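Per my numbering, the very first residue in the sequence shown carries number 1085; after that it's consecutive.
From the three backbone atoms N, C-alpha and C, an ideal C-beta is built for every residue, glycine too.
As the structure is a prediction and not an experimental result, all values here were calculated from the model.
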Amino acid sequence: MYSDNIQISNLTLLNSPSWNVHPVYSRIEDSYIVSGDDCIAVKSGWDEYGISFGMPTKQLVIRRLTCISPYSAAIALGSEMSGGIEDLRAEDITAIHTESGVRIKTARGRGGFVKDIYVKGMTLHTMKWVFWMTGNYKAHADNHYDPNALPVIQGINYRDIMADNVSMAARLEGIEGDPFTQICISNVTIGMAAKAKKVPWTCTDVEGISSGVSPRPCDQLPDQGPEKITACDFPAEPLSIDRVVLKSCTYRMKYT
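The following block contains the structure:
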C-alpha cells in the first residue's frame, strides 16, 4: 500500500494458502491463473470500515488474463466494495472451466458503489454462469454495519463475448428498492450446454439494455436492435497507467 513504481513480473507462484498477490490500485496484465477462488478479486473495504476510509479502487486495467477457477469467477467485484469501485477496464479475457465470467457481489449494509465497469473481448469455455450479479451476499465484518447503507451498482458494460458449454447465461439479482441500473450487454453469443437450465436468464431488480445477445435476455434488458450493436462502448481515452513503460531486467550468476 501507498507505494509507487512497483513492478512484479515473470513470477510463478504455487499453492498459496490464501491470496497470492495483493496489489492495491494498480494494473494487471498477461497473467495465467489457476485458482480455487476468484482469479482476480477487486475490493475496496468492508462495510462501515470501507465507507469511513472512503478510498475507491478506480482506473484499474485488467487485460490478457487466462483463468481456470471451477468454483469462482474470472473477475469478481466485491464483495468488499464499500469504499467504491469505479472505472474498471477489462479486455482480452479467457476463462476455462470457471464458475462465472465477471461477478458482482454486494448486499444491504455494504454502501459504496460499483460503477462504470467496462468489459470486452471475453472467450469462455464451460461455465456455470456467464454473467452473475448478486445483491444478497450477506457476509459482514461484524454486527456494527448499517442495514440502510445501500450500494449503488450502475453503468455495467459487457460486449464482444463468446461462450460455449454454459449451464445458465445469467443470474442478475439486484436489491429490492435499490435496483442495479444502466446495465448494457452487447454482441454476446452464448452456446448452452446439453443439460443447460431451461430458462437461461433470471433477472430481478435490474434495469438496462441489450443488443445482439443470444440467447435472448430477460425483459429487464430489452433488445435495442442490430443498429445498436455498438452499444456498451469501451472507453477510447487511455488511462495514466497505460503510459507507464514496463521495464525488463536480467541477472547473471558470478562464480569465483
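Identity of the residue in the options nearest residue i by Cα
| i | options | result |
| --- | --- | --- |
| Asn-1271 | Ser-1100, Leu-1234, Ser-1295 and Ala-1278 | Ser-1295 |
| Met-1165 | Ala-1157, Ser-1324, His-1224 and Ala-1179 | His-1224 |
| Val-1126 | Val-1118, Ile-1159, Trp-1285 and Leu-1149 | Ile-1159 |
| Met-1252 | Ile-1325, Tyr-1221 and Met-1211 | Met-1211 |
| Lys-1282 | Thr-1288, Ile-1293 and Arg-1300 | Arg-1300 |
| Thr-1288 | Lys-1279, Cys-1302 and Ala-1278 | Cys-1302 |
| Tyr-1202 | His-1209, Ile-1177 and Gly-1193 | Ile-1177 |
| Arg-1111 | Leu-1144, Ser-1087 and Ala-1254 | Leu-1144 |
| Asp-1088 | Ile-1325, Tyr-1335 and Met-1337 | Ile-1325 |
C-beta atoms of residue i and residue j nearer than 8 Å
| i | j | result |
| --- | --- | --- |
| Gly-1261 | Pro-1235 | no |
| Val-1290 | Leu-1256 | yes |
| Val-1214 | Gly-1185 | yes |
| Ile-1259 | Leu-1305 | no |
| Phe-1318 | Glu-1175 | yes |
| Tyr-1229 | Thr-1190 | no |
| Ile-1124 | Leu-1149 | yes |
Proximity test, residue i beta-carbon vs the ligand HEM heavy atom, cut-off 7 Å
| i | result |
| --- | --- |
| Ile-1169 | Within the structure as shown, the ligand HEM is missing, as the structure has no ligands at all. |
Identity of the residues DSSP links to residue i by a beta bridge
| i | result |
| --- | --- |
| Ala-1160 | Ala-1125 and Arg-1187 |
| Asp-1114 | Asp-1114 pairs with nothing; no bridge assigned. |
| Asn-1220 | Ala-1191 |
| Asp-1307 | Ser-1294 |
| Leu-1149 | Ser-1115 and Ile-1177 |
| Val-1198 | Ile-1169 and Ile-1237 |
| Trp-1213 | Ser-1184 and Met-1252 |
| Leu-1144 | Leu-1172 |
| Val-1105 | Answer by DSSP bridge pairing: none, since Val-1105 is not bridged. |
Between the CA atoms of residue j and residue i - distance to the nearest angstrom
| i | j | result |
| --- | --- | --- |
| Thr-1273 | Ala-1315 | 15 Å |
| Thr-1182 | Leu-1161 | 16 Å |
| Gly-1167 | Ser-1298 | 35 Å |
| Met-1276 | Thr-1218 | 22 Å |
| Asn-1241 | Tyr-1155 | 24 Å |
| Ala-1278 | Asp-1248 | 11 Å |
| Pro-1231 | Arg-1147 | 36 Å |
| Ser-1128 | Arg-1327 | 24 Å |
| Tyr-1339 | Cys-1333 | 20 Å |
| Pro-1101 | Gln-1308 | 46 Å |
| Pro-1310 | Ile-1293 | 12 Å |
Sequence ranges, beta strand (DSSP E) only - wholly within the region 1225 to 1298, length at least 3: Restricted to the region 1225 to 1298, the beta strand (DSSP E) segments that are unbroken, complete and at least 3 residues in length are 1236 to 1257, 1264 to 1276, 1285 to 1288 and 1290 to 1298, listed in chain order.
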